[in-house]
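Note that the working numbering has the sequence shown beginning at 6, numbered continuously upward. Scroll down for the structure; my scribbles are underneath it.
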Amino acid sequence: MHARKQASFGARPAHRVARAGVSARRAVKVQAADPKIKKVVLAYSGGLDTSVILKWLQETYGCEVITFTADLGQGEELEPARAKAAAAGVKPENIFIEDVREEFVRDYVFPMFRANAIYEGVYLLGTSIARPLIAKKQIEIAKKLGADAVCHGATGKGNDQVRFETGYYALKPDIKCIAPWREWDLNSRTKLCAYAEKNGIAVPASKRNEPPFSMDANLLHISYEGNALEDPWVEPPEDMFTRSVSPENAPDTPTYIDIDFKGGDPVALNGESLSAANMLAALNEVAGANGIGRIDIVESRFVGMKSRGVYETPGGTILLTAHRAIESICLDRGEAHLKDEIMPKYAELIYNGMWFSPEREALQALIDSTQKTVEGTVRLKLYKGNVIVVGRKSPYSLYNQEIVTFEEDSVYDQKDAGGFIKINALRFRTIQSVRGEKN
């Protein structure tokens, strides 16, 4: 079993081995702490990294720590985080654990899929879309309890620091933000473990050495980065994957499913109405069993560097294909093409942490206005990593079989096409008459 990174809060394990003999005392050298900070809301998983951050906040800032743990569907038991926080001296009334799966899928994942958002042609934004919700919940708690600051576990090299902090400032402009990975010297697994042991924080045996991969999970996806995967020529090992079988080992017979849409969102699977979170969970299960949803990309981070990531997004892969299929018969050409034009910008905004920006909200309003008649059923065939559309129907279908038939019809006069072509070719004829003679 691979060691998991702090699944919902962006705390990625360090990837460089510290020199021997570096003391825990030297490892906690930081910038001068802000004496005005009295109370901070920490995005907390209960794992090694955020447990160290909790102690470090108490020691460095001398402040009261409030912990927030989000259940985003990462598949881990979260109640132990309560006991760990309490053992670290956090007051019971300052420990928050919340199941946000339904809100996550309904208010973040589904709106994103209405846009058919893909970053750099492949990435379905599974990590990016989770950060705004965590930031929002931290700010809500900060306002409720009068906290001066919020804290996350994202490193200074990645995108998550931007995603968290832009969310914080968009929702509470005067909030202070503490980013330990940009302040302390605990920049290796050795130093982190030494500090933990010095302060009585349990260090699992699997955490004493570098974990094989940095992993982040929620109900939409799971990601793998770091270590062997840092070489873009190295193929990921099969035993790394946790949410899907390999396409080679998927069933030899296809699986057929029907997805019902209303207002651009999936509402039923094989005739059974499901909540947003249950829908995505069900799609994950059937997709993973058929080897669907694996991608391997080198992406352009917002902070300027390239990084290699391997992702499993089984249910999301089905959802994207199905949504585009239902749109194909419900949207006019102009609507569909306009959506395709703005999609890369929309996806980039989410990737870069701009979920709460006015431009993202403006694009969302435009996208949502096109979804009122995106309603109907899509039939899919799932087979060895492939999602194949085999049927679609809608009460708002713009597909007219009487017009497109190859048989004789009385609706479309093929003779009219000649004039249509000549009008559309007028500019080409004009260009040739002027430029052709001179060339």
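A virtual CB, placed ideally from N, CA and C, is assigned to each residue, including glycine.
Residue i, buried or exposed, once every other Cβ within 10 Å from all chains shown has been counted against 16
i    : result
G52  : buried
Q437 : exposed
I42  : buried
S280 : exposed
L336 : buried
I428 : exposed
V70  : buried
K141 : buried
F425 : exposed
M310 : exposed
V57  : buried
K344 : buried
Q36  : Interpretation of Q36 is limited by its pLDDT of 49, a score under 50 that renders its predicted location unreliable; no figure is taken from the coordinates.
A86  : buried
T326 : buried
L431 : exposed
Range covered by the alpha helix (DSSP H) that runs through residue i
i    : result
K203 : 194 to 203
G320 : 319 to 335
M220 : Segment 219 to 222 is the beta strand (DSSP E) holding M220; no alpha helix (DSSP H) there.
A352 : 338 to 356
K398 : Where K398 is concerned, there is no enclosing alpha helix (DSSP H), although the beta strand (DSSP E) it sits in stretches over 391 to 398.
A147 : 136 to 150
F447 : The first residue shown for the chain is 6 and the last is 444, placing residue 447 beyond what the model contains.
K427 : 421 to 429
E84  : 84 to 92
R111 : It is not in any alpha helix (DSSP H) - R111 carries neither H nor E in the DSSP assignment.
Residue i, enclosing beta strand (DSSP E) - first and last residue
i    : result
I297 : Per DSSP, I297 belongs to no beta strand (DSSP E) and is neither H nor E.
P271 : 270 to 274
T65  : No beta strand (DSSP E) holds T65; the alpha helix (DSSP H) holding it covers 53 to 66.
S228 : 227 to 230
E170 : Element bounds for E170: not the beta strand (DSSP E) but the alpha helix (DSSP H), 165 to 176.
E188 : Per DSSP, E188 belongs to no beta strand (DSSP E) and is neither H nor E.
I102 : 100 to 104
CB-CB length for residue i against residue j, believed under 8 angstroms
i    : j    : result
K60  : I180 : With 8 angstroms as the limit, K60 and I180 do not qualify as a contact, their Cβ atoms being about 22 angstroms apart.
E125 : E304 : 6 angstroms
Y316 : Y128 : 7 angstroms
R119 : G269 : 4 angstroms
A184 : A159 : 7 angstroms
E230 : F218 : 7 angstroms
T74  : L83  : 5 angstroms
L77  : P259 : Not quite, the Cβ-Cβ distance comes to about 31 angstroms (not below 8 angstroms), so this is no contact.
I334 : S402 : 4 angstroms
V308 : G163 : 7 angstroms
G161 : W189 : Not a contact, Cβ separation roughly 11 angstroms.
G314 : S249 : Not really, about 16 angstroms apart at Cβ, beyond 8 angstroms.
I262 : N275 : 6 angstroms
For residue i, the residue or residues it bridges with in DSSP
i    : result
V485 : Here the chain has residues from 6 to 444 only, and residue 485 is not among them.
L455 : The chain is shown only over 6 to 444; residue 455 falls outside these bounds and no answer can be derived.
G314 : I302
E366 : Paired residue(s): none; E366 is not in a bridge.
Y128 : Y124
Y388 : N391
E277 : L274
E377 : Here residue 377 is Lys; the residue named in the question, Glu, does not match the sequence. According to DSSP, K377 bridges with nothing at all.
K181 : A154
Any non-hydrogen atom of the ligand SAH closer than 7 angstroms to residue i Cβ
i   : result
L59 : Absence of the ligand SAH from the depicted structure is noted, as is the absence of any ligand whatsoever, leaving it without description.
Closer than 8 angstroms to chain C by CB, residue i
i    : result
A292 : Absence of chain C from the displayed structure is noted, only one protein chain being present.
- Item | Contact between the region 391 to 411 and the region 349 to 356 (3+ Cβ pairs under 8 angstroms) | The answer is no - the region 349 to 356 does not touch the region 391 to 411, with fewer than three Cβ pairs under 8 angstroms.
- Given 8 angstroms as the limit, is there contact between the region 288 to 303 and the region 320 to 336, that is, 3 or more CB pairs closer than that? Segments in contact, yes.
- Query: For the 8 angstroms Cβ check, are there 3 or more pairs between the region 372 to 388 and the region 255 to 274?
  - Reply: Using a Cβ-Cβ distance cut-off of 8 angstroms, the region 372 to 388 and the region 255 to 274 are in contact, since at least three pairs of beta carbons, one from each stretch, lie closer than that value.
- Determine contact between the region 43 to 50 and the region 154 to 170, defined as no fewer than three beta-carbon pairs at a distance below 8 angstroms. Segments in contact, yes.
- Message: Could you check whether the region 132 to 142 touches the region 164 to 179, counting it as contact only if at least three pairs of C-beta atoms, one from each stretch, sit closer than 8 angstroms?
- Response: Output reads yes: the region 164 to 179 touches the region 132 to 142.
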